[in-house]
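Residue numbers (our numbering): 37 to 238.
Below is one structure, written out as structure tokens; the observations come after it.
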Amino acid sequence: MSKSRAEAAAGAPGVLLRYLQEQNRPYSAQDVFGNLQREHGLGKAAVVKALEQLAQQGKIKEKMYGKQKIYFANQDQFDMVSDADLQGLDAKIVALAAKVQHLQQSCRHMEAELKELNSALTTPEMQKEIQELKKECAGYTERLKNIKAATNHVTPEEKEQVYREKQKYCKEWRKRKRQQSCVMQSLKDTPRARSSSLRKLA
């Protein structure tokens, strides 16, 4: 055993006694070893030996649960807690639980806000976007200026005149088409008339 490990084992009873008194809850030897190994460098054998030593001295209590031993602080050393004290502790627990819930909600809100900020444009990206929009707006402004300056606009009166002429020509076209259809039908019905009409057409 190295010197540092030996020193840790020698001081193990004191370390374990303070730990069990501060926590004031039952632990197995494995639990104590896992909780204190990294901080104090205690080996499992040293932890088991120290716990058994403290139990024999009456400084801590030892109970068997199945095949496992459980160790906890001797409750005789603690003052009796009155009902009023217990109620005060319960009220404190409720207040702390409400505070924890409020902090959790606040954390969720801040996480959502952080996510939104991370997905938003950065300042350089926004500046680039603004420049592109300004350039696009300038192009549209120039196009509008050219349209307004043009001299070939069609007035409402001119549009109405074109519309009337269109209706007139369409009406005349339909009329002629009906006449042509009647002539063709007559030619089909009377061969002589068809021959005569053909001669006239010739």
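By construction, the Cβ of each residue, glycine as well, lies at the ideal position given by its N, Cα and C atoms.
Treat the numbers as computed from the prediction; the structure is a model and nothing was measured.
Problem - Beta-carbon spacing of Pro129, Asn110 below 8 Å - result: Counting from 1 along the sequence shown, the entry for residue 129 is found at position 93. Counting from 1 along the sequence shown, the entry for residue 110 is found at position 74. One point to set straight first is that residue 129 is Ile, not Pro, in the sequence displayed. No, these two residues do not count as a Cβ contact at 8 Å.
Handout entry: Buried versus exposed call for Leu87 [16 or more other C-beta atoms within 10 Å across all chains shown]
Key = Position 51 of the sequence shown holds residue 87. Around the Cβ of Leu87, a 10 Å sphere holds 16 or more other Cβ atoms; the residue is buried.
Exercise for the section: Would you give the residue range spanned by the alpha helix (DSSP H) that Met146 belongs to? Expected result: Along the sequence shown, read from residue 1 onward, the residue named residue 146 stands at position 110. Counting along the chain, the alpha helix (DSSP H) containing Met146 begins and ends at 119-155.
Handout entry: Cut-off 8 Å between Cβ atoms - residues of its own chain near Ala91, not counting five sequence neighbours on either side
Key = On the sequence shown, position 55 is the one that residue 91 refers to. When the five nearest sequence neighbours on each side are left out, the beta carbons in the same chain lying within less than 8 Å of the beta carbon of Ala91 are those of Lys97, Glu98, Tyr107, in order along the chain.
Handout entry: Rounded separation between Ser118 and Gln66 - CA only
Key = Numbered from its first residue, the sequence shown carries residue 118 at position 82. Numbered from its first residue, the sequence shown carries residue 66 at position 30. In this structure, the CA atom of Ser118 is about 34 Å from the CA atom of Gln66.
Problem - Residue interval of the beta strand (DSSP E) (run including Met100) - result: Here residue 100 refers to the residue found at position 64 of the sequence shown. In the DSSP assignment, Met100 falls within the unbroken beta strand (DSSP E) covering 96-101.
Exercise for the section: Mind listing, in chain order, the continuous alpha helix (DSSP H) runs of no fewer than 4 residues lying wholly within the stretch 151-202? Expected result: Runs found: 159-185.
Problem - Those residues which DSSP pairs with Ser64 across a bridge - result: In the sequence shown, counting from the first residue as 1, residue 64 sits at position 28. Partner(s): Ile106.
Problem - Distance between beta carbons of Gln104 and Ser64, contact taken as under 8 Å - result: Stepping through the sequence shown from its first residue, residue 64 is reached at position 28. Stepping through the sequence shown from its first residue, residue 104 is reached at position 68. Contact check for Ser64 and Gln104: beta-carbon distance about 6 Å, within the 8 Å limit, so the pair qualifies.
Practice task
Please state whether DSSP places Met37 in a helix, a strand or coil.
Solution key: Start at 1 with the first residue of the sequence shown, and residue 37 comes out as number 1. Because the pLDDT of Met37 is 49, which lies under 50, any placement of that residue in the model is unreliable, and the number read from its coordinates should be weighed accordingly. The answer is coil: DSSP assigns Met37 none of H, G, I, E or B.
Problem - Coil, strand or helix - Gln216 by DSSP - result: Reading the sequence shown from its first residue, position 180 is the one you call residue 216. Correct three-state label for Gln216: helix.
Handout entry: Cβ-based burial, Leu139 [other Cβ within 10 Å; buried from 16]
Key = Translated into positions along the sequence shown, residue 139 becomes position 103. By the neighbour-count criterion, in which a residue is buried when 16 or more other Cβ atoms sit within 10 angstroms of its Cβ, Leu139 is exposed.
Practice task
Can you say whether Val264 is buried or exposed, counting buried as having 16 or more other CB atoms within 10 angstroms of its CB?
Solution key: Nothing in the structure corresponds to residue 264, since the chain is present only between 37 and 238.
Practice task
Give the DSSP-derived three-state secondary structure of Leu111 in the structure shown.
Solution key: As a working mapping, residue 111 is identified with position 75 in the sequence shown. For clarity, residue 111 is Gln in the given sequence; the question names Leu instead. If DSSP states are grouped into helix, strand and coil, Gln111 belongs with the helices.
Exercise for the section: Please state if the CB of Leu56 and the CB of Phe69 are separated by a distance shorter than 8 Å. Expected result: Here residue 69 refers to the residue found at position 33 of the sequence shown. Here residue 56 refers to the residue found at position 20 of the sequence shown. It is not a contact, given that the beta carbons lie outside the stated cut-off.
Practice task
Can you have a look at Ala46 and say buried or exposed, based on whether 16 or more other CB atoms are within 10 angstroms of its CB?
Solution key: The residue given as residue 46 occupies position 10 in the sequence shown. Result: exposed.
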